[in-house]
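Okay, so the sequence shown: first residue is 1023 according to the working numbering, each after it adds one.
The beta carbon of each residue, even a glycine, is placed where N, CA and C say it ideally should be.
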Amino acid sequence: MSRLPDQVDAPMTPRQLATLRTLSAEAYQPKLFEKNLTAREAEQRIAALKAEIELADSF
1023 MSRLPDQVDA PMTPRQLATL RTLSAEAYQP KLFEKNLTAR EAEQRIAALK
1073 AEIELADSF
């Protein structure tokens, strides 16, 4: 993620919120969805959920 240092602790964007909500439901991990994450935390969770879904789909 290429964010400026002053934006690192910014709240997640509406797009990240929607993506995280969708992916957490798809991965059956609703506890990974939280509304009050920073953009960095959201990006990390999104990446982890995408990897988990990709792994599950490979079986």
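C-alpha gap between residue i and residue j, whole angstroms
| i | j | result |
| --- | --- | --- |
| residue 1034 | residue 1078 | 26 Å |
| residue 1080 | residue 1070 | 15 Å |
| residue 1049 | residue 1041 | 12 Å |
| residue 1053 | residue 1046 | 8 Å |
| residue 1074 | residue 1058 | 22 Å |
| residue 1055 | residue 1043 | 6 Å |
| residue 1068 | residue 1039 | 10 Å |
Limits of the alpha helix (DSSP H) - the one that residue i falls within
| i | result |
| --- | --- |
| residue 1035 | From DSSP, residue 1035 is part of no alpha helix (DSSP H); its letter is neither H nor E. |
With 16 other Cβ atoms within 10 Å as the buried cut-off, status of residue i
| i | result |
| --- | --- |
| residue 1032 | exposed |
| residue 1037 | exposed |
| residue 1023 | Low confidence applies to residue 1023: its pLDDT is 49, below 50, so where it sits in the model is not reliable, and the reading given next is rough at best. So residue 1023 counts as exposed. |
| residue 1064 | buried |
Contact test: residue i Cβ vs the ligand GDP heavy atom, cutoff 7 Å
| i | result |
| --- | --- |
| residue 1069 | Looking at this structure, you won't find the ligand GDP or any other ligand, since it has none at all. |
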